[in-house]
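In terms of my numbering, the sequence shown is residues 67 to 353.
Positions of the beta carbon are idealized from the N, C-alpha and C atoms, including for glycine.
Shown next, in C-alpha cells, is the structure this report addresses.
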Amino acid sequence: RSTKPSYRWCLSLLALIFAVVLSFLFYSTEHTPDPQINGDAFKVVDLPGRGKGVIALRDIKQGELLIREKPLFLIPRVLDGDPRAFIAQKIQALDDVGRAALYNLSYVKFPSHLVPEEHPTEVGLAIIQTNAVAAGDGIGLFPRMARLNHGCSSAFNAVYSWRATEGDIVVHALKDIVKGQEILTVYTDTKRPRSERRDYLSSSYDFECMCAVCSLPEAQSLESDRRLIEISGLYNRLSTWGTNSISGSEAIQIVREIWALGNQEGYWSERGQLAADAVQVASAHSE
Numbered sequence: 067r068s069t070k071p072s073y074r075w076c077l078s079l080l081a082l083i084f085a086v087v088l089s090f091l092f093y094s095t096e097h098t099p100d101p102q103i104n105g106d107a108f109k110v111v112d113l114p115g116r117g118k119g120v121i122a123l124r125d126i127k128q129g130e131l132l133i134r135e136k137p138l139f140l141i142p143r144v145l146d147g148d149p150r151a152f153i154a155q156k157i158q159a160l161d162d163v164g165r166a167a168l169y170n171l172s173y174v175k176f177p178s179h180l181v182p183e184e185h186p187t188e189v190g191l192a193i194i195q196t197n198a199v200a201a202g203d204g205i206g207l208f209p210r211m212a213r214l215n216h217g218c219s220s221a222f223n224a225v226y227s228w229r230a231t232e233g234d235i236v237v238h239a240l241k242d243i244v245k246g247q248e249i250l251t252v253y254t255d256t257k258r259p260r261s262e263r264r265d266y267l268s269s270s271y272d273f274e275c276m277c278a279v280c281s282l283p284e285a286q287s288l289e290s291d292r293r294l295i296e297i298s299g300l301y302n303r304l305s306t307w308g309t310n311s312i313s314g315s316e317a318i319q320i321v322r323e324i325w326a327l328g329n330q331e332g333y334w335s336e337r338g339q340l341a342a343d344a345v346q347v348a349s350a351h352s353e
C-alpha cells in the first residue's frame, strides 16, 4: 500500500483545517469587539415568571464578543478545611461593589431552616453553588456572565470560555442574535433526551426548562432527542480512535456524520474541537 496520503485525505485535511481557522476567528481572544459593546449590546431585564435574563438591544453578529469579565474570586476544586470558612474569607475580602454584585445574584438549595439575612455566608455558598462556572483548575464567580439563562441544543446562542493567560472569562455569540432576543448559554451537556435534561436542570437549578427545544411539540421533540442521542453515541465512538478500535477513515466518517446531524439539529457549539480532532486523525494517517 502506498505511504502517500490519498487525494481524498488531502482534501479532507484542507477542509477541516479551514473549519478550524473559522472557529478560531469566531472565538479567538483577539476578536475586536464593537467599541460600544458593553454599553449597547444587551441589558439585564426582569422576565415574567423566570427571574432575570439578558436581552439583546441590537442585532449581534456571530462571533461577536459579548462579555469579558474577571471573577469576583476563584475557588480551588478541592478545599482543605471548612469550605464555609474559605467562602466567608473570600466574601470579606470583596469591596462594597463586589459584595453587592455577589448578593444580587439568585440562588437555590438554601437550607429551609435558616433565615438568609442571618446567615450571609450560607447565602454566599448557595450563590456560588448556583452560579459558579469552571475556570481552569478551579471555579469562578462572574456576576455579569451569571445573568445568562440556559438553553438546550440549538436554543442557546452564546458560549463562554476561560482565558487563563488574561484571567478572564469571555462570552461570544455562537449565532446571529436579533434585537429583542434573549441571549442564552448552556449549563450542562445537552446531548441527551428532553426528559433527562429537564430532570438534571430541575434538580440542580430548580427550574423546568422551557427553551425553544424543550418546548417543541412531542413529535419534533422526539426527533430532536434521536439526533442528540445519536450525536452523543458518535462522540463516544470517536473517542475510541486513540485505542485503535476504529481506523482513521472510520473516525473521519464519524466526524462527517456528527457534522451533518449538527446541521439538522442546529447544534454547533462543539465544532471547533470536532474539527481539531479530525485534523489530528487525518494528520496521523496516510491511508
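Which same chain residues, not among the five before or five after residue i, have their C-beta less than 8 angstroms away from its C-beta?
i	result
ALA107	ASP100, ALA122, LEU123, ARG124, ILE126, GLU130, LEU132
LEU160	LEU138, PHE139, LEU168
LYS175	ALA192, GLN195, THR196, ASP272
PRO221	Residue 221 is actually Ala in this sequence, not Pro. The answer, listed in chain order, is LEU250, CYS277, ALA278, VAL279, CYS280.
TYR355	The chain is shown from 67 up to 353; residue 355 falls before or after that span and cannot be answered.
PRO259	ASP291, LEU294, ILE295
In its own chain, which residues sit with a C-beta less than 7 angstroms from the C-beta of residue i, not counting the 5 before and 5 after it?
i	result
TYR266	THR254
LEU282	SER290
ILE153	THR187, GLY190, LEU191, ILE194
Buried or exposed: residue i, going by 16 or more other Cβ atoms within 10 Å of its Cβ?
i	result
ASN197	buried
GLU331	buried
THR309	exposed
VAL321	buried
THR19	No answer is possible for residue 19: it lies beyond the span of the chain, which begins at 67 and ends at 353.
VAL144	exposed
ARG229	exposed
SER335	buried
GLY233	exposed
Quick one: what does DSSP say residue i is sitting in, helix, strand or coil?
i	result
PHE152	helix
ASN310	coil
ASN170	coil
LEU113	strand
GLN339	helix
VAL347	helix
ASP272	coil
In the DSSP output, which residue or residues are listed as bridge partners for residue i?
i	result
ARG134	VAL236
ASP255	DSSP, once it has assigned bridges, lists no residue as partnering ASP255.
ALA201	GLY204
ALA122	PHE108
PRO142	GLY204
ASN215	LEU250
Enumerated in chain order, which unbroken segments of the beta strand (DSSP E) with a length of 3 residues or greater are wholly contained in the region 217-249? Secondary structure in the region 217-249: the beta strand (DSSP E) runs of 3 residues or longer, each lying completely within the stretch, are 224-229, 234-239 in chain order.
Which runs of the alpha helix (DSSP H) spanning at least 4 residues fall entirely within the region 278-335, listed in chain order? Every alpha helix (DSSP H) stretch that sits fully inside the region 278-335 and reaches 4 residues is listed by chain position as 284-304, 314-331.
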